[in-house]
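Accompanying notes for the structure given below.
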DNA sequence: GTATTACATCGACAGACGTGATTGTTATTG
DNA sequence: CAATAACAATCACGTCTGTCGATGTAATAC
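Residue numbers (our numbering), protein chains in the order written: chain A, 11 to 127; chain B, 11 to 127.
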């Protein structure tokens, strides 16, 4: 619910002056914002969000071959999304034989989650 | 910490067969994923994330004229970011005289926040 | 009325994005 | 060895993004 605080009643200013002094400042600094925005951006695609959901709920490693049939996209596109999640530091992978297993990095979502709460 | 569940030992399959049956499924359905991804995408820019931080911590309406000096971007670019946040359903605005006041819509971040926790 | 302020919209640009077809790499099977 | 499977990397494509300058719009001050 918006609350009008009436901290600085606004009036039109003479030429060259600002309308008002800023009274609010971000509590999140630039570095934090960059880190959290990178994570949020990686989650900003429905397929990637569902991918993280699957990997997280599974609480272990998941083979790529199990992920492909879950989504209506080609295998290279899925590989591309997994790569994006890895670049953002959300997941990591391990190769064993022919198969690649992905898992969510612990605490990778913690900073963003804490800020959102 | 990745835990190898060894649920389906993988072996190379004859031609035409899949390597394995999927044993994991998303718990988040497509509609939820679309909504949350839209919010996450809007937060996927450091300036927009800091904007939401300012608006949220202020717990009320904030004049655009107070936001402009906080960021090293032009006024049209800031307006563009605010428009993105509004389109994503995160903020709303109200005009009074020359000034526009923005505020975070209550519970707009709730679904994503709950999923992340 | 004119001038000025606050904000939004438009036009343009380089760069990133999501997608799939194709190709490449690596490991296993026979 | 050759053939095949699983996955990644490359290329191409249309679309979206972040940015700014210029312009538009509405309200206030004179």
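Glycine included, C-beta positions come from ideal geometry on N, C-alpha and C.
Residue i in three-state terms, based on DSSP
| i | result |
| --- | --- |
| residue 104 (chain B) | strand |
| residue 49 (chain A) | helix |
| residue 119 (chain A) | coil |
| residue 82 (chain B) | coil |
| residue 34 (chain A) | coil |
| residue 125 (chain A) | helix |
| residue 55 (chain A) | coil |
| residue 63 (chain B) | helix |
| residue 13 (chain A) | Here the model assigns residue 13 (chain A) a pLDDT of 38, short of 50, so the residue's position is not dependable, and the following value carries that caveat. Residue 13 (chain A) falls in the coil class under three-state DSSP. |
Residues sharing a beta bridge with residue i, DSSP
| i | result |
| --- | --- |
| residue 114 (chain A) | A:101 |
| residue 72 (chain B) | B:112 |
Candidates the options, of which the one nearest residue i by Cα
| i | options | result |
| --- | --- | --- |
| residue 91 (chain A) | A:68, A:109, A:53, A:127 | A:53 |
| residue 104 (chain A) | A:65, A:71, A:95, A:59 | A:71 |
| residue 75 (chain A) | B:34, B:113, B:82, B:47 | B:34 |
| residue 118 (chain A) | A:109, A:97, A:78 | A:97 |
Contact set between residue i and chain A, taken where Cβ atoms lie within less than 7 angstroms
| i | result |
| --- | --- |
| residue 68 (chain B) | 34 |
| residue 88 (chain B) | Those within 7 angstroms of residue 88 (chain B) in chain A number zero; the least Cβ separation is about 13 angstroms. |
Contact list for residue i against chain A, beta-carbon separation under 8 angstroms
| i | result |
| --- | --- |
| residue 55 (chain B) | 47, 51 |
| residue 127 (chain B) | 123, 127 |
Chain B contact residues for residue i, given Cβ-Cβ distances below 8 angstroms
| i | result |
| --- | --- |
| residue 38 (chain A) | 59, 60, 63 |
Review point. Taking three-plus beta-carbon pairs below 8 angstroms as touching, is the region 81 to 96 of chain A in contact with the region 86 to 102 of chain B?
Key: no
Check your understanding: Within the chosen definition, does the region 33 to 49 of chain A reach the region 55 to 70 of chain B through at least 3 CB pairs nearer than 8 angstroms?
Key -> yes
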